[in-house]
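Below: the structure, in structure tokens.
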Amino acid sequence: MSPTDNTPLLNTGSFELVHSLKAYDKIPVFEYKSRNTGLTVVAAEIDGPIVYGYFCLATEAFDDDGIPHTLEHLVFLGSEDYPYKGVLDLLANRCLASGTNAWTDVDHTCYTMETAGSEGFLALMPIYLDHILYPVLSDEGFITEIHHVTEEGEDAGVVYCEMQGIENSGERRVHLAMRKAIYPENCGYSAETGGKMKNLRESITNAKIKAFHKNFYRPENLKIIIAGKIQHDDLFKALAPVEQKILSKGDRGPFLRPWQSSIPPLTESQKLFVKYPSDEEDNGIVAMAWRGPSAVNEIYKLNACSILLKYLTDSSVALLQNEFVEVDDPYASEVNFGIIENSISCIYLMFRNVPLEKIPLIRPKFDEIMQRIVLSKELDWKRIKLILKKQKLEYLSNLENCPHNSIVDMIIGHMLYGNTREDYEQRLNPLGDLEKMNLETPIFWCNLLEDYFVENHCVEIQALPSIEEKEKINVEEKELVMNRIKMMREDGLKRMGEDLLNAVKFNEREPPENMLTCVSIPNVHNFSFHEIERYTSDSDEDQPIFLKETPVCTYFDHIKSSFVYMYALMDTSKLSADQRLYLPLLLEAMFESPIMREGILIPYDEVVMQLQNDTVFYSQQMGLGQSKRFSCSSFSTTVSIMLQVAAENFEIGLNWLRELLYQTVFTAERLKIIAMKMINEVSEAKRSGRKIVSYAIKSLLYLQDSNVQANGILKQHKFLSHLISKLDLDNYQSSDILETIDTIRKMITDPCNVALYLATNLENIKPDSANVLNLLLPSDISKPEKKSFNIVPDWKLLTPDAEGGMRHCIVGMGCLDSSYLFQSTFSINTYDDPDMPALLVYIQYLCQAEGPMWRQVRGNGLSYGYSIGLRTNEGVLFLSFSRSTNVTDAYKKAYEIVTNQLKDQQWETNMFESAKSSLIFELVENESTVGNVISRSLESYFHKIEYSYYRKLIDLITQVTVEDLNRIGTKYVAALLDPTKVKTAVVCDARKVKEISEGFKNLSVPLEIFPTLEESFLNK
């Protein structure tokens, strides 16, 4: 029965309104169910130019074959009405999307689409649903997409390639071992739904996949979730032919809803040991997991467990961080938590980068801390209240910065485990649970901790890095290939090669022209953008009166927001190369050091507590974007600290900026602890192929006197290790270090080197804000003559080709099963370059979903990830591969694709149109949320372009011609194929270094060989 509320009556066809709710009491959410087919549709009305679609099915598997994941891949290869590989994504591109996507979780599979505006969404949705409900699932698709054997006897396939890149990582092995122990016996929650490589080779079949599809891919098990601005009447019109086809298929037989069987009990605690391949045996991982509350009928307890885990781990003053990390001799670099929301949940703690000698000590120390709390019944009630307050603000912040993700996750949770309207309302309005938790007594929290972390069976996993395991995997892989070659012989391998060629030929059949144009390209001007007004303190144009009084160069954006986003931007261009080495530590220490406030030294733990109380979010970064440890984002010479505060805390936020910049008191004790945390993260970074290849190419590109070089993984490891040894020696050396850091701090916080960026609703700014802004500088620093902020684009920091030096390198990593490549050449370095639109379209043509690179590189299982891109701020055009099973052949194929395009200068009309449409989507997507608009606006100040540039760029892209592309290809793209004009970095399995280097030598790319990371130029 339809609910009784104020929802307007619509022409819904067979769909009946079953729920009309509001997420966070703000965002309307309507759920409809078809009387005829059982199909369910949920529409969440969020603001912004993008319409997000999620097609979600509950799925359950009981083994490691990876059937849910492999089926997810095969769905995209064609359907009954569109039986050709690539049609879906090419049509998606025409509809102002950038292809389609999906994810596979243990308990569900979700297919996604995002379009700029609703017109393209409504056109594409029925086509997408045809692929989901009625996929072709051909044997040929199975061969190329899932697994096949090459003529050389090696394993390949898109899914195989994907899983090869992650299966043997320490984190993946720990997570799988944890789930198998927490959910023993024949329980679907313990399945590796991605597929283990052994199963992908030996046991999965297309017949199994077809049976799985028949069981779970049914309309009554499908929930269509739409987040964005869309007319409901139009939605049901678009679904009418889908419903008709479902009904035409007749009776589907009985449906058994997944996840209804009972979960086998966990009868005892366990301690497990896991080894993972590594080049070094230094730091490991410890995980502890427990059964948690039910996601079916204990949502409140589950949410309370999340708050309790945040209490234990969320900052440097959190209990476990304080005991395990913030000590002179740390047990780990960080402690974090996770919750797997199942019918019986799993809650876990992860101790990362644990020194080997401390791995056995983690669990006993943890138990002692928990027992101490339970016996004393003492929890820091003030901190719990603080976390509840902060969680509320984070929920509201997410509505600005990722509303679709926040709401969709809750809807999927209800789809899988909810039963009643009350359940639904509780999930969609978590603020109600927070208010209830605020009324709980300390006894409630102590009892929760005792029930789930003390009196509960625990699965402990000690994960050890192992050189022996690395060598064992290498030997097994080699023997596997050798035995296969011996068993299949030349004829068998030749047959494998022929089967693959036939499968590729079948998959690459050209669809009819009218199929590729069956949807119209939507109007590119009908987007609901977030509005923004921009002002600068050095502009002569009309501006808010308070900007004229700011003590430093200030950028201000007026945008509809409930928060204030404030950045203190600092120019580091005057630092020496040696001084730059201190920057990562200095920025980290700004948030974790004591503060001198009105002559009183406030201890660091109180500082952190107060910061958490007064802010929604805070961070420090090298560059403008969110930079991760040992990396810099764009405009790397600018470093920044950022605060997000509630609108009413505008003055408090500015006070914090001043105190963090000018009043922090650096101590040897805090610097040593922070440096140790950073050092302990090195071992994890050194196991990441993606991070090391990025580190290698930037080391080839950037000048030594740059923040990018100074913040390199191995350079920071050496520097921090040496610094700690000095801090350990005597007070004289410690004083010297403190003096150096303070000198650097004074240089970069000199008002002449500082700018302020503010983004909020002007209505949040009070009339006396001019006086408030003057709080940014301490009273003992005179207000300088205001001038423009010094902006250094990254292209000015690159090593000129004329200086020579190494151009190409390959580094071996024993912990890798797949390869990574990054290659770059100089290109456009300003946004106002008239060639920019055409170059962007050229790149998009090659790399779009179902474009040449997708089909011939990813589609043939050579590399799971690929990209050609333009980094305007660096002034480089680049080619990259990630998780590549055969990086040499991937590179050959890319070379062939680009060479043929340059030579033939022929462009498929439909591909050309879809490239422009999908590129427009990507530009619009960058303005999809308030947070995205703020990030883009800040960058545009640094690029010295108007914000309207991006809207103009959309028009310029529509005007690009094939003649423009041919001119651009010769001018810019050809250089990417010239070994004398590019720089190349490859990282790979150490045993493949020689083979890959020889392959690239034959392609005229002479890679300088470094057998291991320790022997490489990066470690000098």
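In case it helps, my numbering puts the sequence shown at residues 344 to 1363.
Idealized CB from N, CA, C, for every residue including glycine.
Every value quoted in this text rests on a predicted model; they were computed, and no experiment measured them.
Three or more Cβ pairs closer than 8 angstroms define a contact, and the segment 895-912 meets that threshold against the segment 1093-1102.
Counting only residues of its own chain and dropping the five nearest sequence neighbours on each side, G463 has a CB closer than 6 angstroms to the CB of C438, L439, P865.
Cβ-Cβ distances below 7 angstroms link R1334 to N817 in the same chain, with the five nearest sequence neighbours on each side left out; the list follows chain order. Around W446, the same chain offers C453 as residues with beta carbons nearer than 7 angstroms, after the five sequence neighbours per side are excluded. For Y767, the uninterrupted alpha helix (DSSP H) run begins and ends at 764-771, by DSSP. Restricting attention to alpha helix (DSSP H) runs no shorter than 4 residues, the segment 473-512 encloses them at 482-488, 501-507, ordered along the chain. Counting C-beta pairs closer than 8 angstroms gives three or more between the segment 1226-1246 and the segment 1152-1165, which meets the contact rule. Going by DSSP, S1077 is part of the alpha helix (DSSP H) stretching over 1074-1091.
Taking M825 as reference, the option from D498, L1205, I509 with the minimal CA-CA separation is D498. Counting along the chain, the unbroken beta strand (DSSP E) around Q1166 starts and ends at 1162-1169. As for any beta strand (DSSP E) of minimum length 3 sitting wholly inside the segment 609-668, the runs are 613-620, 626-634, ordered along the chain. M713 has its alpha-carbon roughly 7 angstroms from the corresponding atom of F796.
Here C1095 carries a helix assignment [DSSP, helix/strand/coil].
S1210 and C1190 have their C-alpha atoms some 7 angstroms from each other. For the set I1035, T1327, L1118, the Cα lying nearest the Cα of T1355 is the one of I1035.
The alpha-carbon separation between C689 and L645 amounts to approximately 10 angstroms. Assigned with DSSP and collapsed to three states, L1182 falls in helix. Distance between E811 and L476, taken at the CA atoms: about 46 angstroms. The DSSP-derived three-state label of I393 is strand. Taking a C-beta distance under 8 angstroms as the contact criterion, Y1038 and I1022 do not qualify as a contact pair. A Cβ-Cβ contact shorter than 8 angstroms links S1167 with V1219. Boundaries of the alpha helix (DSSP H) around G840: 810-850.
Secondary structure note for F709: its alpha helix (DSSP H) is the uninterrupted segment 705-719. Following the DSSP letters along the chain, one finds S591 inside the alpha helix (DSSP H) bounded by residues 575-591. In the assembly as shown, W724 is an exposed residue. Its beta-carbon has fewer than 16 other beta-carbons within 10 Å. For K733, the uninterrupted alpha helix (DSSP H) segment begins and ends at 724-744. Proximity to K848 across A386, I486, S1031 peaks at I486, based on C-alpha coordinates. Distance from the Cα of G1274 is smallest, within the candidate group L771, P607, F960, for F960. Looking at the DSSP output, E528 bridges to nothing. Around the Cβ of N850, a 10 Å sphere holds 16 or more other Cβ atoms; the residue is buried. K653 is the residue among N679, H800, M830, K653 whose C-alpha sits nearest the C-alpha of W788. Minimum Cα-Cα distance from P469 among the listed residues D577, T548, H490 corresponds to D577. V1115 is not a Cβ neighbour of V988, given a cutoff of 8 angstroms. K1337 sits in a helix when the DSSP states are folded into three classes. According to the DSSP assignment, I1040 belongs to the alpha helix (DSSP H) that extends over 1032-1044. Residue environment analysis places F398 among the buried positions, since at least 16 neighbouring C-beta atoms fall within 10 angstroms of its C-beta.
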